[in-house]
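The listed protein sequences correspond, in order, to chains P and Y.
The numbering of the first sequence is numbering that gives the first Met the number 0, which starts it at 0 and goes up by one.
The numbering of the second sequence is numbering that gives the first Met the number 0, which starts it at 0 and goes up by one.
Notes to accompany the following structure.
Number of protein chains: 2
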Amino acid sequence: MRAKRTRAQQTDERRLAIVAAALDAFVESGFEATKISDVAARAGVAKGTVYLHFADKEALFEAIVRDALSPVVQGIGAISTDGVASVRSLFEAFALPLMLDIVESRRGDVLRLLISEGRRFPRLAEFYHAEILTPAKAHIQRLLCKAVENGELRNPGLAEYPLLVAAPMLMSVIWAGLFQRLDPIDFEALFRTHLDTLFMPGA
Amino acid sequence: MRAKRTRAQQTDERRLAIVAAALDAFVESGFEATKISDVAARAGVAKGTVYLHFADKEALFEAIVRDALSPVVQGIGAISTDGVASVRSLFEAFALPLMLDIVESRRGDVLRLLISEGRRFPRLAEFYHAEILTPAKAHIQRLLCKAVENGELRNPGLAEYPLLVAAPMLMSVIWAGLFQRLDPIDFEALFRTHLDTLFMPGA
DNA sequence: TCTATTTGACTGACCAGTCAGTCATGTTCT
DNA sequence: AGAACATGACTGACTGGTCAGTCAAATAGA
């Protein structure tokens, strides 16, 4: 039994199929090496159809990266610091699963894609910086300041460099993409050791 | 006054010119987008000449990355731990300048290139892993063990994860490539804060 | 029927890699 | 020494193939 669909719905579905196919293809091959005909084939659509939805290859690329990243933008402010015993427990409860998800999921692929192609797409780098990095930095910084208040941080100066807290995640994403098959790493243990380094012992 | 050159010398010079030009071109545009004709033009040489020295575009790419990375291999074992007061001072004396050099020099460009193209060139990823990462990891680990003996490390468990020590460098390289122009970072201060986090205070 | 949507063959530009020919350099002979 | 010859490094026009983007024709919905 086949559900009836309006034309508008079909069009939307096609667009989503194209976006999903394009994400796979770009992640797999990078921008230059990805063929629009291949994206179309994966989406079960003719090449021309891709051009009904996106002006050109660059527009398609930027659209899928923005789409994939937008949910992250939403989630960044979600963690509340109110009435929480320790900042470390917050990190363990939220940052650790988030990191493991990013490293192992499609989001990690997108991050790698951005790192690889960012220089050729400065607008994308700007978008990422403005919409994700800056809020994320501010959020981490807020948490770190709270941790300093609580006397949880071994090095209070860390509050000025939230990027140092995030660096192991970036490294893990890159490692997962390039070396995990040669030399597997236990990312969870790595991240826990990182927390042990940041926070006072015996909390 | 023009020095006389033998044929062999001229050939060598041309080869070097091609390698240098190719490095610039690949760093600037990535593997796919780089045109051999452009490499040739930059080297002041005809396109065919490039193919007298390198079998194809991939061979040229691998050659320049290996060439650029080999000096790093040499230098890794050079730091001695004998009769040094503190491991931290060793890091400050050697690792900090090394890191600043990598972040700001051509070596950083090559590292970014490797991160971007590594998935498409597994042999290169393997080479980098075997010749650089593994020895570097072992070396850092040796230093960390010594630091544990000295009671210098705030978190002795860190000795199991030398990558955590290197993560800020990787992050800096990526930041330098993508965001430094939007949002400059003082890499030296960042790295010093990193050291403050790793080592006991008041050393 | 008539219109909006989709299709895929087609075009034009582009580029990796080739190869027949050139010529500077090095070698041998007188 | 100097002329005649041999070498092979270098050149760049050319080939074969690829692919982004177009558009006239086919198709499916209203």
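No residue lacks a Cβ here, since even glycine has one placed at the ideal position from N, Cα and C.
On a predicted model such as this, the values are computed, not experimentally measured, just so you know.
Asked, Found
"Reduced DSSP secondary structure (H/G/I, E/B, other) of Phe-190 (chain Y)", "helix"
"Proximity of Ile-139 (chain P) and Ala-165 (chain P) at Cβ, strictly below 8 Å", "yes"
"Where Ser-207 (chain Y) falls, given that 16 or more other Cβ within 10 Å makes a residue buried", "Coverage of chain Y is limited to positions 0 through 202, which leaves residue 207 (chain Y) absent and any answer about it impossible."
"Coil, strand or helix - Leu-152 (chain P) by DSSP", "strand"
"Nearest to Arg-106 (chain Y) (by Cα), restricted to the options Y:Leu-194, Y:Ala-67, Y:Ala-146, Y:Val-147", "Y:Ala-67"
"Exposed unless 16 or more other CB atoms sit within 10 angstroms - verdict on Asp-195 (chain Y)", "buried"
"Where Phe-30 (chain P) sits in the DSSP three-state scheme", "helix"
"Contact the region 133–149 of chain P vs the region 167–178 of chain P: 3+ CB pairs below 8 Å", "no"
"Residue-chain proximity (Ala-94 (chain Y), chain P), Cβ-Cβ < 8 Å", "no"
"Coil, strand or helix - Met-0 (chain P) by DSSP", "Residue placement at Met-0 (chain P) is flagged as unreliable, the pLDDT there being 33, under the threshold of 50; the coordinate-derived value follows with that caveat. Correct three-state label for Met-0 (chain P): coil."
"Residue range of the unbroken alpha helix (DSSP H) whose run includes Thr-5 (chain Y)", "Counting along the chain, Thr-5 (chain Y) falls outside any alpha helix (DSSP H), and DSSP gives it neither H nor E."
"Integer Cβ distance of Ala-62 (chain P) from Phe-53 (chain P), believed to fall under 8 Å", "6 Å"
"Nearest residue (CA-CA) to Met-98 (chain P), options P:Met-170, P:Leu-59, P:Gln-9, P:Ser-115", "P:Met-170"
"Burial state of Gly-117 (chain Y) (16 or more Cβ within 10 Å)", "buried"
"Closer than 7 Å at the beta carbon, the chain Y residues around Ala-32 (chain P)", "Glu-31"
"Buried or exposed by the 16-neighbour rule on C-beta atoms within 10 Å, applied to Arg-153 (chain P)", "buried"
"Distance between Ala-124 (chain P) and Asp-182 (chain Y) (C-alpha atoms, nearest Å)", "11 Å"
"Contact check, Val-72 (chain P) vs Ile-131 (chain P), beta carbons under 8 Å", "yes"
"Helix, strand or coil at Phe-93 (chain Y) according to DSSP, with G and I counted as helix", "helix"
"Presumed contact (8 Å Cβ cut-off) between Ala-20 (chain Y) and Ala-42 (chain Y), rounded CB distance", "4 Å"
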